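Q: Have a look at this one before I ask anything.
Protein chains in written order, with this note's numbering: chain A, 32 to 392; chain B, 142 to 465.
Right under this line is the structure:
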């Protein structure tokens with residue numbers, strides 16, 4: 032028995048060595064956020080961008096997965112990447128703000144690309160150092176486009192499930208409300224998107240409770256749910272499949288995950304990382320800047336070619352028109368609750384049925 | 142009123158019943174082990190193992206050129222999950238019975254090992270990603286039976302595991318109270334020395350108890366994955382521990398466990414569907430209150446019942462012939 036265990040231990044040890052192979056010579060490093068590089072969402076989108084760029088230019092790359100979600104664990108992984116020789120460290124996610132704040136000062140010769148956040152210290156406040164660039168996406172525009180397209184595709188009963196109410200998830204939701212009601216007004220149709228069809232699940236994990244909640248909504252008449260909820264989106268897909276309803280994916284094109292994904296509210300994670308990497312290698316690194324990627328920069332959008340709209344031609348035409356409007360700045364999409372209220376007043380969309388307590392932000 | 146009923150019956154038959162079956166299977170697994178005298182907090186890890194192997198098998202079955210019927214895949218998946226749970230629990234049984242080690246430690250090892258193995262295998266050999274995706278609907282509607290009044294809903298859009306679970310509950314209860322093996326299991330958990338003096342091989346009985354428990358927990362894990370986690374990523378979100386809590390609330394008795402599994406899963410589903418069940422959606426409580434409700438209730442019940450606990454007397458003690 033002992034011998035079997037020993038062999039087994041050796042096997043695992045060998046396998047773990049194999050998995051770490053080649054890490055000691057890294058140039059571009061990704062530190063993963065909550066989740067892994069194959070989360071079919073945020074980390075994966077970023078990682079694919081890095082892989083594509085690095086392969087094309089023959090640059091060594093690797094990823095590091097922190098042992099837990101905490102500032103200390105993040106900083107530890109960043110230190111490890113730096114020890115391995117990383118010159119550029121990409122950190123996707125809101126939760127990295129403190130870790131990058133500390134690390135950008137500790138490693139002034141290493142470049143940091145921080146997505147979805149700015150470096151921020153509890154005491155010192157926000158500071159984007161010369162070796163760092165912060166990238167934000169206008170998720171509200173992405174959510175707006177999703178809501179707009181759904182209503183143009185003749186969905187009249189909508190719902191929104193966010194994972195945890197972090198800023199990006201809240202912006203997706205606010206944009207979704209605005210887009211849905213704006214399209215309804217243009218088309219002169221009435222939609223149902225009440226207060227109890229907007230929620231934050233409190234988790235990014237799939238589970239029976241999420242599936243049950245989504246199925247309950249579908250059963251009570253909701254036709255489509257926009258799930259900005261990471262892995263929990265998978266549970267919404269399962270519910271949609273069981274009840275032949277629809278859902279909208281998030282962050283990356285999730286059409287391959289389920290036949291019930293109508294479309295996905297994307298952020299151009301891969302593209303944006305590649306652009307900044309390109310800037311870096313051509314000596315034009317946007318040092319110390321905070322970039323906001325919106326429809327104008329093609330930073331957000333829907334994957335039209337992989338969408339399953341029932342009225343593809345109609346939706347596509349409407350989508351392209353509204354996308355141009357947003358990109359040209361003719362239509363400003365709200366990004367917080369106050370702006371959402373103003374948006375409803377300005378465009379005379381009637382009463383906003385979803386309360387501030389529900390939405391937050 | 143009729144609308145409320147349809148909301149509720151949807152919640153109950155589509156969700157509460159399958160969740161109840163999962164909890165019931167795993168709890169009964171815990172029962173087998175604990176009544177034979179071995180603490181089994183490895184239920185969580187064994188569930189993961191069952192779910193992982195079932196997902197793997199179904200994943201490859203689906204890739205066949207001529208894939209078989211979906212329910213056959215489910216049946217094979219459930220069997221493989223049960224067998225792998227049976228084999229996996231051997232490690233716990235070996236440590237607890239033969240090596241007389243601390244039963245918490247060896248069970249914890251299983252809990253830590255199973256998700257790690259899942260990630261390693263899924264990454265390296267199966268799909269190249271963390272999760273194994275077998276997403277489709279595995280629900281089944283039985284013709285004729287589904288048209289019956291009253292019990293009809295139990296046969297439409299249900300899972301195969303529901304019927305297997307009910308059959309196992311009945312078989313186990315009978316086995317437990319009416320057969321020689323059941324009596325021996327119970328005696329080994331209460332007074333192994335007395336059992337030994339009557340010629341019962343305590344070690345063997347405990348091996349049977351623990352490995353039966355692995356079989357049921359593996360089956361439960363596979364059933365959970367097929368019903369609710371088709372993109373399985375190596376986590377069952379504490380359901381194994383929850384089943385353990387039900388086992389304790391149910392005072393190590395099969396039918397009481399059934400009652401608690403029913404009550405818990407009902408609250409679990411009602412709390413997650415509070416927004417769509419007519420009379421609840423008008424009550425404006427924050428959703429956090431609803432979501433924590435089933436767990437708070439379990440805690441209260443546990444606190445209430447643990448006072449008069451009827452745990453097997455020799456639970457957790459390695460059997461030592463020389464000890465009196």
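Beta carbons: idealized from backbone N, C-alpha and C, even for Gly.
Since the structure is predicted, the reported quantities are computational estimates derived from the model, not experimental observations.
Any idea what DSSP makes of residue 258 of chain A, helix, strand or coil?
A: strand
Q: Keeping to the same chain, check which residues put their C-beta closer than 6 Å to that of residue 358 of chain B; ignore five residues upstream and five downstream.
A: 167, 170, 184, 187, 188 and 226
Q: In three-state terms, what does DSSP make of residue 269 of chain B?
A: Residue 269 of chain B: coil per DSSP, three-state reduction.
Q: Give the residues from the stretch 294 to 308 of chain B that approach chain D closer than 8 Å (Cβ to any Cβ), ordered along the chain.
A: In the displayed structure, chain D is absent; the protein chains listed are A and B.
Q: Pull out every residue of the stretch 251 to 268 of chain A whose Cβ sits closer than 9 Å to any Cβ of chain B, in chain order.
A: Of all residues in the stretch 251 to 268 of chain A, only 251, 252, 253, 262, 265, 266 and 268 place a beta-carbon less than 9 Å from a beta-carbon of chain B.
Q: Let me make sure I understand the geometry here. Which of B:178, B:155 and B:173 has the alpha-carbon closest to that of residue 455 of chain B?
A: B:178
Q: Just to confirm my understanding: we take residue 331 of chain A, look at its own chain, exclude 5 residues before and 5 after, and list those with CB closer than 8 Å. What are they?
A: 168, 169, 170, 172, 173, 176, 296, 297, 298, 299, 324 and 325
Q: For residue 371 of chain B, go through chain A and note every residue whose CB falls closer than 8 Å to its CB, in chain order.
A: 265 and 269
Q: Rounded C-beta distance between residue 221 of chain B and residue 198 of chain B? I'm assuming under 8 Å.
A: 5 Å
Q: Give me the Cα-Cα distance between residue 52 of chain A and residue 93 of chain A, rounded to the nearest whole angstrom.
A: Low per-residue confidence applies at residue 52 of chain A: pLDDT is 44, beneath 50, and the placement is therefore not dependable, though the value from the model is reported in the following sentence. Going from the Cα of residue 52 of chain A to the Cα of residue 93 of chain A covers about 10 Å.
Q: Where residue 275 of chain B and residue 293 of chain B are concerned, what is the direct C-alpha to C-alpha distance, given to the nearest angstrom?
A: 28 Å
Q: Please classify residue 299 of chain B: does DSSP put it in a helix, a strand, or coil?
A: strand
Q: Any contact of the stretch 332 to 352 of chain A with the stretch 303 to 322 of chain A, i.e. 3+ C-beta pairs under 8 Å?
A: The stretch 303 to 322 of chain A and the stretch 332 to 352 of chain A do not touch, with fewer than three beta-carbon pairs separated by less than 8 Å.
Q: For residue 461 of chain B, which residues of its own chain have a beta-carbon under 6 Å away from its beta-carbon, when the five flanking residues on both sides are left out?
A: none
Q: In its own chain, which residues sit with a C-beta less than 8 Å from the C-beta of residue 393 of chain B, not counting the 5 before and 5 after it?
A: 172, 175, 176, 451, 452 and 453
Q: Under 8 Å Cβ to Cβ from residue 447 of chain B, same chain only, skipping five residues before and after it: list those, please.
A: Once the five neighbours on either side are set aside, the close Cβ partners of residue 447 of chain B are 389.
Q: Specify the secondary structure class of residue 209 of chain B as computed by DSSP and reduced to three states.
A: coil
Q: Closest Cβ-Cβ distance between residue 152 of chain B and chain A: below 8 Å?
A: yes
Q: Would the beta-carbon of residue 64 of chain A fall within 8 Å of that of residue 74 of chain A?
A: yes
Q: First and last residue of the alpha helix (DSSP H) that includes residue 319 of chain A?
A: Careful: residue 319 of chain A lies outside any alpha helix (DSSP H) and carries neither H nor E.
Q: Would you check if the stretch 255 to 270 of chain A and the stretch 114 to 126 of chain A touch, i.e. whether three or more CB-CB distances between them fall below 8 Å?
A: no
Q: Just checking, does the stretch 68 to 86 of chain A make contact with the stretch 135 to 142 of chain A on the three C-beta pairs under 8 Å criterion?
A: no
Q: How is residue 274 of chain B classed by DSSP in three states: helix, strand or coil?
A: strand
Q: Along the chain, where does the beta strand (DSSP E) containing residue 294 of chain A start, and where does it finish?
A: 292 to 298
Q: With respect to the beta strand (DSSP E) encompassing residue 193 of chain A, which residues constitute its N-terminal and C-terminal limits?
A: 189 to 193
Q: Label residue 376 of chain B either buried or exposed according to how many other C-beta atoms from any shown protein chain fall within 10 Å of its C-beta, with 16 as the threshold for buried.
A: By the neighbour-count rule (16 or more Cβ atoms within 10 Å), residue 376 of chain B is buried.
Q: Which residue from A:202, A:367, A:183 and A:383 puts its Cα closest to that of residue 192 of chain A?
A: A:202
Q: By Cβ distance, which residues of its chain are closer than 6 Å to residue 229 of chain A, with the 5 residues on each side in sequence left out?
A: 191, 385 and 389
Q: Pair every Cβ in the stretch 349 to 365 of chain B with every Cβ in the stretch 149 to 167 of chain B, then say whether three or more of these pairs are closer than 8 Å.
A: Output reads yes: the stretch 149 to 167 of chain B touches the stretch 349 to 365 of chain B.
Q: What are the boundary residues of the beta strand (DSSP E) that residue 282 of chain A is part of?
A: 277 to 282
Q: Please list the terminal residues of the continuous beta strand (DSSP E) segment that includes residue 163 of chain A.
A: 163 to 168
Q: Compute the Euclidean distance between the alpha carbons of residue 421 of chain B and residue 328 of chain A, then round it to the nearest angstrom.
A: 45 Å
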